[in-house]
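Letter by letter, the sequence shown follows residues 3 to 209 in our numbering. For glycine and all other residues, C-beta sits at the position ideal for the given N, C-alpha and C. Below: the structure, in structure tokens.
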Amino acid sequence: MARDIKNELISVVDELYDADLITPKGGNVSARIPDRDELWITPTQLYKGGLTEETLIRVNLQGKKLEGRDRPSVELPMHLSIYRTREDVGAVIHTHAPMATIVGLFEDPVPPLTIEAIALGEAPVVPFLLSGTREQCQSVVDALGTGSAALLQNHGLVTVGKDLREAANRAQQLEFAARTVVTCRLLGGQPAVIPEKLAEFLKKIVV
Numbered sequence: 003m004a005r006d007i008k009n010e011l012i013s014v015v016d017e018l019y020d021a022d023l024i025t026p027k028g029g030n031v032s033a034r035i036p037d038r039d040e041l042w043i044t045p046t047q048l049y050k051g052g053l054t055e056e057t058l059i060r061v062n063l064q065g066k067k068l069e070g071r072d073r074p075s076v077e078l079p080m081h082l083s084i085y086r087t088r089e090d091v092g093a094v095i096h097t098h099a100p101m102a103t104i105v106g107l108f109e110d111p112v113p114p115l116t117i118e119a120i121a122l123g124e125a126p127v128v129p130f131l132l133s134g135t136r137e138q139c140q141s142v143v144d145a146l147g148t149g150s151a152a153l154l155q156n157h158g159l160v161t162v163g164k165d166l167r168e169a170a171n172r173a174q175q176l177e178f179a180a181r182t183v184v185t186c187r188l189l190g191g192q193p194a195v196i197p198e199k200l201a202e203f204l205k206k207i208v209v
């Protein structure tokens, strides 16, 4: 089971890197180990396009390193805060997705312009704070609430899911929705949002 999770985690990192959501050294991914208060997380300051299972780090929910030769991501405290708060979360993804980063600069949540945006719910914007600080961790946890995504001002996005596949899908869906927002702004028009009643109905179908 542990090997399967590590293999899937590396596959997801490769997928997000190929999609330009993760940069050579920016972004981090973690996955909870079932039935254990532990998780696997990507390392800090290593080339994200060439990670292997051997570069992953295993830590417990108190942040103690249990396995791995490298240092865990500097964002580890944020991941831990989410896992400790949300027992339903099995994976956390933080990427430096370009379009989501641009939208976050405007301090506006992603509006329900697309089905993808509706499926994610509102992705609120967390003001820029230093990575790994108590203030940043609490702000991200508060922004997520019981939701699945948040924008980090000047710093990309965070998505969560019951597993790696769901969290990765949401990261890519949010970037698609953010690209739509940016394109609308470039065109200079006022985009039409999906009406609230229809959005609530669609949530039940697409979530």
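With a threshold of 16 other beta carbon atoms within 10 Å, Lys8 meets it and is buried.
When DSSP reads this structure, Val31 sits in a beta bridge with Ile95.
By the neighbour-count criterion, in which a residue is buried when 16 or more other Cβ atoms sit within 10 angstroms of its Cβ, Ile12 is buried.
Less than 9 Å separates the beta-carbon of Pro126 from that of Pro111. With fewer than 16 other Cβ atoms inside 10 Å of its own Cβ, Asn156 counts as exposed. Non-local C-beta neighbours of Asp90 in its own chain, meaning closer than 7 Å and more than five positions away in sequence, comprise Lys164, ordered along the chain.
For Glu124 and Ala151, the gap between their C-alpha atoms comes out near 8 Å. Excluding sequence positions up to five before and after Ser32, its CB lies within less than 6 Å of the CB of Leu41, Ile43, His81, Val94, all in the same chain and listed in chain order. Taking 9 Å as the cut-off, the Cβ atoms of Leu48 and Lys27 count as close. In the DSSP assignment, the residues bridged to Glu69 are Arg60. C-alpha of Pro197 to C-alpha of Pro113: approximately 11 Å in a straight line. Spanning the alpha carbons of Glu69 and Glu55 requires a straight line of approximately 11 Å.
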